[in-house]
Every structure is written in C-alpha cells, then in structure tokens.
Amino acid sequence: MSHQLDQFLKRAEALLERVEAILPPAAVAPDWQASTAFRWRKRGNGYLQPVPRPAQIAFDDLQHVGRQKAQIEQNTRQFVEGKPANNVLLTGARGTGKSSLIKACLGAFAGQGLRLIEVDKADLHDLPDIMDLVAGRPERFVVFCDDLSFEEGESGYKALKVALDGSVSAVIDNVLIYATSNRRHLMPERMSDNASYTHDEDGDLHPGETVEEKISLSERFGLWLSFYPFKQEDYLGIVAHWLAAFGCSVSQIADARSEALQWALLRGSRSGRVAWQFARDYAGRLP
11 MSHQLDQFLK RAEALLERVE AILPPAAVAP DWQASTAFRW RKRGNGYLQP
61 VPRPAQIAFD DLQHVGRQKA QIEQNTRQFV EGKPANNVLL TGARGTGKSS
111 LIKACLGAFA GQGLRLIEVD KADLHDLPDI MDLVAGRPER FVVFCDDLSF
161 EEGESGYKAL KVALDGSVSA VIDNVLIYAT SNRRHLMPER MSDNASYTHD
211 EDGDLHPGET VEEKISLSER FGLWLSFYPF KQEDYLGIVA HWLAAFGCSV
261 SQIADARSEA LQWALLRGSR SGRVAWQFAR DYAGRLP
C-alpha cells in the first residue's frame with residue numbers, strides 16, 4: 011500500500027510540474043524608480059513597462075479649458091494629499107485637451123508621488139492584476155484609459171465597472187481611474203433605445219433597462235468634465251500661444267492668423283490639436 015501511495019505522489023508531482031510549466035508567469039512589479047509613467051503590456055500575465063520619456067505638458071499650455079483644468083487639478087491635488095477624490099471621466103469634442111490634461115496632472119504632481127499607468131481598452135480585463143501590483147505602494151496611481159468606448163458585450167465593460175466600484179474586496183485607496191471618451195455614456199446611443207422609455211401615470215419619462223445599463227458605467231465616475239469645440243477666437247488664441255512657445259515674434263503671430271484659419275477650415279476642426287499642428291508647421295517654415 012505504501013509503495014502504491016509513493017507512486018501516486020510521484021505521478022501527481024510530475025503532473026503539477028507539467029502544469030506549472032505551461033502556466034503564464036505571474037505579473038511582475040516594475041522598477042518603480044525607472045519612471046513616473048508606465049504602460050500595461052501583455053506578455054504572459056502582463057507587466058508594467060516604464061515609459062522612459064513621459065510627455066512634458068504643463069497646465070499653462072492648455073488654453074480655454076479653465077474650468078475643466080481647475081477641477082481636475084483640484085481633484086488630483088486631493089488625491090496625492092491622501093484626501094478623498096473621485097474617478098474622472100473627460101468627454102466631448104476631439105482635440106480639445108482631454109488627454110493632455112491628464113498628462114499635465116502627472117507633470118504637476120509627480121514630485122508628490124503621482125504615477126500614471128496607461129491601459130488600452132482591450133486590456134481592461136487585466137485591471138485586477140494591475141490593482142494587485144500597486145496595492146500597498148506609497149505612490150498614488152492614476153490609471154489612464156484614453157479614447158474609451160464600448161460596444162455591447164465587450165469584456166472590458168464589466169471589468170471597468172468592478173474596478174470603479176470594487177467587488178468583494180475594497181476599493182484600493184491609492185488608485186484612481188481617469189478616462190477620456192468622445193461618448194458621454196461610453197456606449198453607442200441608438201434610436202432604438204428610445205423605444206425602451208416608459209411613461210408613468212403622471213406623464214414622467216423613465217429610461218428602460220437598455221438605457222439604464224449604458225448610463226450605469228459613466229455614473230460610476232464621480233467627476234464628469236465636458237469639452238466643447240472652440241470658437242474662432244479661442245482657436246486663434248491657442249495658435250498664438252504655441253507660436254510664441256516656438257519662438258515667433260508678435261508680428262509673425264499676427265501674420266499667421268489668415269493661414270491658421272485656412273488650416274482649420276481644411277481640417278474641419280478648430281481644436282487645440284489642430285492649432286498645435288498648425289503652429290509647428292508655420293514655425294518650422296519660417297527662415
């Protein structure tokens with residue numbers, strides 16, 4: 011009997027070794043001193059890759075978004091000081107500074123322990139692994155999800171819900187999620203959704219389950235910041251700011267006005283991104 015037990019244990023041990031060999035390695039913590047910004051990369055169970063040269067964006071470089079700038083700066087300040095703060099959803103027009111504001115937060119607060127972790131939408135189901143890596147660290151982490159949107163049935167949708175609200179385990183207090191999207195409710199809104207609305211006996215309108223589900227994710231963000239297309243003078247002001255940053259004189263900035271408007275017209279947008287692109291082109295062509 012003892013011989014049979016020994017044989018069984020040996021076979022079980024050999025089987026465990028084969029299973030361990032094919033399992034992906036556990037997520038490994040990075041060198042936290044290597045950078046202030048990290049990207050989540052998929053290889054095995056995934057890992058955090060330090061970003062050697064994080065984007066250098068200052069709050070002062072972001073023009074005509076003063077209210078949004080003040081709110082996200084205050085929220086981030088509360089966070090790095092260990093005070094209560096909210097997850098943030100930035101929605102609205104393209105190129106108006108949503109992503110740049112989040113990067114500016116890192117530039118402003120990295121010295122106070124803020125760190126940025128960029129996660130692609132396709133990898134949101136790995137959020138629990140990321141949370142495990144940073145839990146208990148002295149730094150304060152913003153998980154950055156750029157250009158976020160979902161179609162029905164995508165797995166990352168539920169993973170993000172859990173990360174925002176917590177599951178059986180408590181919400182980790184040194185992590186916030188900052189996300190940008192062109193969709194206010196992060197999911198497509200179709201005409202057919204209107205059919206699910208109902209009226210009560212007082213005539214009040216109530217959304218159906220389909221609409222409630224789409225709204226429920228965005229409502230888990232405590233702070234919403236909305237961005238709108240720039241007016242012409244706002245756009246020209248941003249152009250002037252960047253031309254000055256590239257060393258143009260006052261007269262050169264004035265001469266660029268007409269070209270800047272034509273540039274925006276050709277692109278169908280007066281966004282901050284378009285203004286920056288024009289300024290780089292114009293300043294680069296000057297003798």
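Numbering of the sequence shown is given in this note's numbering, commencing with residue 11 and proceeding in unit increments.
Each residue gets a CB set at the ideal place from its N, CA and C atoms; glycine is no exception.
Computed from a predicted model, the values in this text were never measured in an experiment.
Smallest Cα separation from residue i: which of the options?
| i | options | result |
| --- | --- | --- |
| His251 | Arg283, Gln122 and Cys155 | Arg283 |
| His135 | Ile82, Ala274 and Arg51 | Arg51 |
| Ala95 | Phe151, Gly247, Gly294 and Gly121 | Phe151 |
| Val185 | Gly278, Ala44 and Lys93 | Lys93 |
| Ile140 | Ile187, Leu158 and Ala120 | Ile187 |
| Asp291 | Gly278, Glu243, Ala270 and Pro40 | Ala270 |
| Pro297 | Gly257, Ala264, Ala145 and Gln122 | Gly257 |
| Gln59 | Ala293, Val129 and Leu276 | Val129 |
| Asp233 | Val61, Gln73, Leu174 and Ser259 | The question names Asp, but residue 233 in the sequence shown is Leu. Considering only alpha carbons, the answer is Leu174. |
| Phe231 | Asn85, Gly121 and Arg49 | Asn85 |
| Glu243 | Gly146, Ser268 and Glu83 | Ser268 |
| Arg277 | Arg104, Tyr167 and Asp133 | Arg104 |
| Ala289 | Val260, Ala255 and Ser261 | Ala255 |
| Leu72 | Ser281, Arg295, Gly294 and Ala293 | Ser281 |
| Ser61 | Asn55, Ala44 and Gln88 | Here the sequence assigns Val to residue 61, which means Ser is not the residue at that position. Nearest of Asn55, Ala44 and Gln88 to Val61, Cα basis: Ala44. |
| Lys262 | Gly294, Pro239, Tyr238 and Arg87 | The sequence as given places Gln at residue 262; Lys does not occur at that position. Considering only alpha carbons, the answer is Gly294. |
| Tyr57 | Arg49, Pro64 and Lys241 | Arg49 |
| Asp8 | Glu149, Arg193 and Pro148 | Nothing in the structure corresponds to residue 8, since the chain is present only between 11 and 297. |
| Arg87 | Tyr167, Gln122, Phe240 and Leu246 | Gln122 |
Since residue i sits in a beta bridge, which residues does DSSP pair it with?
| i | result |
| --- | --- |
| Leu99 | Ala189 and Trp234 |
| Ile4 | Residue 4 falls outside the range modelled here, since the chain spans only 11 to 297, and no answer is possible. |
Quick check on the DSSP output: the alpha helix (DSSP H) that includes residue i runs from which residue to which?
| i | result |
| --- | --- |
| Trp273 | Arg267 to Arg277 |
| Gln59 | Not the alpha helix (DSSP H): Gln59 falls in the beta strand (DSSP E), residues Tyr57 to Pro60. |
| Ala289 | Gly282 to Arg295 |
| Cys115 | Lys108 to Phe119 |
| Val251 | Val is not the amino acid found at residue 251; the sequence shown has His there. Here the alpha helix (DSSP H) through His251 covers Gln242 to Ala255. |
| Lys79 | Gly76 to Val90 |
| Leu143 | Leu137 to Val144 |
Rounded C-beta distance between residue i and residue j? I'm assuming under 8 Å.
| i | j | result |
| --- | --- | --- |
| Lys171 | Leu253 | That pair is no contact at about 44 Å. |
| Leu111 | Gln78 | 7 Å |
| Phe69 | Ala114 | 5 Å |
| Thr106 | Val75 | 7 Å |
| Val98 | Leu124 | Going by Cβ atoms, the distance from Val98 to Leu124 rounds to 13 Å, so no, they are not a contact pair. |
| Ile248 | Ala274 | Actually they are not in contact, since the Cβ atoms of Ile248 and Ala274 sit about 10 Å apart, beyond 8 Å. |
| Leu158 | Ser191 | 5 Å |
| Gly102 | Ser236 | 5 Å |
| Ala264 | Leu143 | Going by Cβ atoms, the distance from Ala264 to Leu143 rounds to 52 Å, so no, they are not a contact pair. |
| Leu312 | Ala169 | There is no way to answer for residue 312, as the model of the chain reaches only from 11 to 297. |
| Leu116 | Leu126 | 5 Å |
| Ala120 | Glu83 | So it is not a contact: roughly 14 Å between Cβ atoms. |
| Ala132 | Ile182 | Between Ile182 and Ala132 the Cβ distance is about 22 Å, and since that is not below 8 Å, they are no contact. |
Using a C-beta cutoff of 8 Å, does residue i count as contacting chain B?
| i | result |
| --- | --- |
| Asn97 | In the displayed structure, chain B is absent; only one protein chain is listed. |
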